[in-house]
Amino acid sequence: MAKLKISLFLFLIGVSSIVNAQENSIVSAKTDSIYSWFVQEKFNAIHKEFDVEMSRSLNAEQLEATWGQIQMMFGNPIETKEKSIGKIKSLTLVRMPIVTNKSALVLSVSFDSVYKVAGLFLSPGKISYTPADYVNPEKFEERKLKFGGEQFPGNGILTLPISKTSSPIVVIVPGSGPVDKDLSIGPNKIYKDLAWGLACNGIAVFRYDKRTLQYQNQLLQNDSLNEKFTIESEYLKDLKEIVAQLKGRADIDPKQIFILGHSQGGYLIPYLNKNIKGIAGFISLAGTLREIPELAIEQIHYLTSIDATQNADEQRIDEVLKRMHNSCSKQVMNLKSNQEVMPPYTLNYWRYLANYEPQKMVQKIKQPILVLQGERDYQVTMKDFQVWKNCLQNKQNISYQSFPGLNHLFLKAEGVPNPAEYMQPNNVSFEVIQAITDWLEKLK
0 MAKLKISLFL
10 FLIGVSSIVN
20 AQENSIVSAK
30 TDSIYSWFVQ
40 EKFNAIHKEF
50 DVEMSRSLNA
60 EQLEATWGQI
70 QMMFGNPIET
80 KEKSIGKIKS
90 LTLVRMPIVT
100 NKSALVLSVS
110 FDSVYKVAGL
120 FLSPGKISYT
130 PADYVNPEKF
140 EERKLKFGGE
150 QFPGNGILTL
160 PISKTSSPIV
170 VIVPGSGPVD
180 KDLSIGPNKI
190 YKDLAWGLAC
200 NGIAVFRYDK
210 RTLQYQNQLL
220 QNDSLNEKFT
230 IESEYLKDLK
240 EIVAQLKGRA
250 DIDPKQIFIL
260 GHSQGGYLIP
270 YLNKNIKGIA
280 GFISLAGTLR
290 EIPELAIEQI
300 HYLTSIDATQ
310 NADEQRIDEV
320 LKRMHNSCSK
330 QVMNLKSNQE
340 VMPPYTLNYW
350 RYLANYEPQK
360 MVQKIKQPIL
370 VLQGERDYQV
380 TMKDFQVWKN
390 CLQNKQNISY
400 QSFPGLNHLF
410 LKAEGVPNPA
420 EYMQPNNVSF
430 EVIQAITDWL
440 EKLK
């Protein structure tokens with residue numbers, strides 16, 4: 000009987016291995032096809048592979064617009080590298096590294112039990128990260144914190160200075176898109192640099208995976224059913240819970256909780272001030288007070304001006320620009336479908352922002368504000384830096400500093416500003432860490 004059981008066990012293992020190998024072969028081949036269809040611009044073919052939820056959330060036109068933006072940022076694909084295949088609950092996840100003529104990407108596709116696409120992401124490729132010279136790991140420790148409840152469970156990292164019992168804390172509010180807690184772009188981890196650098200100077204930092212990193216498809220699906228996808232569901236709900244948790248910790252000074260908004264996170268500072276109580280002050284890193292679609296239009300014009308290959312498909316560029324124009328507050332209220340606005344966001348998302356007036360609301364902020372700007376930033380420019388100054392010219396507790404040679408990620412670079420420089424190994428400039436530290440010290 001024992002031999003029979005062992006034989007049966009080994010037989011089942013053998014069958015399982017064969018089944019897994021067959022499944023891996025199927026999803027690998029399907030991922031190859033999806034990649035080929037992106038390159039060949041056969042977006043309807045990709046869409047036909049979607050499951051019901053994905054089909055409802057993302058159509059072929061949105062795929063085309065998103066692919067166009069990806070190419071503008073990261074270049075054209077050249078080749079693919081070896082895929083990795085794994086399981087996430089009932090889904091099979093395939094990750095395919097892609098080499099482009101400017102940088103690298105990862106195509107991530109999750110398949111359900113009948114091999115329909117249940118999730119699809121294109122993200123910057125990852126290369127080994129090297130901490131900055133100004134980081135001393137002996138000066139801080141890190142702890143994981145959870146938030147978000149049952150529907151959208153999230154996690155973040157609390158970086159604490161070892162030398163202090165009760166620290167001031169900076170909560171990093173990330174920029175647009177499905178951003179991870181480190182803002183991982185190629186070999187660089189921007190928010191990790193900020194957290195480790197500030198912690199070495201005695202300042203605690205909390206950084207977290209943005210809700211859209213894991214739940215973007217679910218948020219888009221909910222938008223088409225019962226819950227509108229807005230900055231409230233993308234940002235505010237998680238941040239309220241995060242701040243409440245931090246206030247209750249013995250190792251955090253509840254009267255010194257600061258919000259640092261990067262890019263779109265900086266754009267939301269007036270909104271967060273209105274909706275989250277007990278914030279001691281705000282830091283804008285490459286934040287804007289203008290409409291996001293307005294900046295996106297400027298970025299497209301800039302990128303096509305510095306790279307002639309970007310003009311190769313004028314029809315696609317025109318379609319992307321049209322959707323960006325449609326997403327502006329003056330146009331969006333007259334539209335009827337998600338297919339007319341800038342993806343991956345929805346009509347509800349842009350309509351919500353159409354009623355947001357950051358240039359007026361920022362003037363109601365009573366707490367101190369630090370505005371930092373890289374002078375070679377082509378995404379949020381010195382024009383935006385001047386808008387902050389114009390809006391806050393009558394306030395006394397506002398500090399400004401711009402940095403020559405620093406880009407949107409506060410990395411040093413040379414030559415004509417372009418997306419490829421984000422992929423070069425680098426770290427956030429120490430002068431940015433020091434500027435934040437000095438400002439916080441003055442507020443004590």
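Numbering (numbering that gives the first Met the number 0), first residue to last: 0 to 443.
Cβ coordinates follow ideal geometry from the N, Cα and C atoms, glycine included.
Anyone know if the C-beta pair for residue 107 and residue 122 falls short of 8 Å?
Here residue 107 is taken as the residue at index 108 of the sequence shown, counted from 1. Here residue 122 is taken as the residue at index 123 of the sequence shown, counted from 1. The Cβ-Cβ distance between residue 107 and residue 122 falls below 8 Å.
Residues near residue 429 in its chain [Cβ-Cβ closer than 6 Å; skip 5 each side]
To locate residue 429, count along the sequence shown from 1; it is residue 430. Excluding residues within five positions, the ones whose Cβ falls inside 6 Å are 133.
Out of 367, 331, 382 and 362, which one is the CA nearest neighbour of residue 352?
Walking along the sequence shown from the start, residue 352 turns up at place 353. Taking only the C-alpha atoms, the option nearest residue 352 is 331.
Classify residue 44 as helix, strand or coil using the three-state DSSP reduction.
Translated into the one-based positions of the sequence shown, residue 44 becomes position 45. In the structure shown, residue 44 sits in a helix (DSSP, three-state: H, G or I).
Delimiting residues of the beta strand (DSSP E) encompassing residue 95:
Reading the sequence shown from its first residue, position 96 is the one you call residue 95. Per DSSP, residue 95 belongs to the beta strand (DSSP E) from 90 to 99.
Relative to the C-alpha of residue 375, which candidate in 295, 250, 401 and 103 has its C-alpha closest?
On the sequence shown, residue 375 is found 376 positions in, with the first residue counted as 1. Minimum Cα distance to residue 375 is reached at 401.
Assigned exposure category for residue 286 - 16 Cβ within 10 Å defines buried:
Within the sequence shown, numbered from 1, the residue matching residue 286 stands at position 287. The residue in question, residue 286, is buried, as its Cβ has 16 or more Cβ neighbours within 10 Å.
Identify whether residue 142 lies in helix, strand or coil by the three-state DSSP scheme.
For this step, residue 142 is matched to residue 143 along the sequence shown. The answer is strand: DSSP assigns residue 142 an E or B state.
Indicate the three-state DSSP secondary structure (helix, strand or coil) for residue 181 in the structure shown.
Walking along the sequence shown from the start, residue 181 turns up at place 182. Looking at residue 181 - three-state DSSP - the assignment turns out to be coil, as it is neither helix nor strand.
For the segment 178 to 265, list the alpha helix (DSSP H) runs that are entirely contained and at least 4 residues long, ordered along the chain.
189 to 199, 210 to 224 and 236 to 246
Check whether the segment 51 to 63 and the segment 75 to 88 touch, using three or more Cβ-Cβ pairs below 8 Å as the test.
no
On the DSSP bridge list, what partners appear for residue 338?
For the purposes of this step, residue 338 is taken as residue 339 along the sequence shown, with counting starting at 1. According to DSSP, which records beta bridges pairwise, residue 338 is partnered with nothing at all.
Distance between beta carbons of residue 258 and residue 281, contact taken as under 8 Å:
Here the question's residue 281 lines up with position 282 in the sequence shown. Here the question's residue 258 lines up with position 259 in the sequence shown. So it is a contact: roughly 5 Å between Cβ atoms.
Could you name the residues that DSSP lists as bridge partners for residue 76?
Here residue 76 refers to the residue found at position 77 when the sequence shown is read from its first residue. Answer by DSSP bridge pairing, in chain order: 99.
Cβ neighbour criterion (16 or more within 10 Å) applied to residue 129
Residue numbering aside, residue 129 sits at position 130 when the sequence shown is read from its first letter. Here residue 129 is exposed, its C-beta having fewer than 16 other C-beta atoms within 10 Å.
Exposed or buried, what is residue 343 when buried is set at 16 or more other beta-carbons lying within 10 Å of its beta-carbon?
Position 344 of the sequence shown, counting from 1, holds the residue named residue 343. It is buried - the Cβ of residue 343 has at least 16 other Cβ atoms within 10 Å.
Beta-carbon proximity check, residue 166 vs residue 250, cutoff 8 Å
Counting from one through the sequence shown, the residue named residue 166 turns up at place 167. Counting from one through the sequence shown, the residue named residue 250 turns up at place 251. Closer than 8 Å, so yes.
Looking at residue 155: is its Cβ nearer than 8 Å to the Cβ of residue 230?
Here the question's residue 155 lines up with position 156 in the sequence shown. Here the question's residue 230 lines up with position 231 in the sequence shown. Taking 8 Å as the Cβ cut-off, residue 155 and residue 230 do not qualify as a contacting pair.
Which partner residues does residue 404 have in the DSSP bridge list?
Walking along the sequence shown from the start, residue 404 turns up at place 405. None; residue 404 has no bridge partner.
Between residue 464 and residue 201, what straight-line distance do the alpha-carbon atoms span, to the nearest angstrom?
Because the chain is modelled from 0 through 443, residue 464 falls outside the range shown and cannot be assessed.
DSSP bridge partner residues for residue 122 (one or two, in chain order)
Residue 122 sits at position 123 when you count from the first residue of the sequence shown. In the DSSP output, where bridge partners are listed per residue, residue 122 has 105.
Mapping DSSP to helix, strand and coil, what is residue 67?
Against the sequence shown, residue 67 aligns to sequence position 68. Three-state DSSP puts residue 67 in a helix.
Is the separation between the beta-carbon of residue 103 and that of residue 124 shorter than 8 Å?
By one-based count along the sequence shown, residue 103 stands at place 104. By one-based count along the sequence shown, residue 124 stands at place 125. Yes, they are a contact pair.
Return the residue from the list 340, 196, 186 and 245 that minimises the CA-CA distance to residue 419.
If you number the sequence shown from 1, residue 419 lands on position 420. Here the closest residue by C-alpha is 186.
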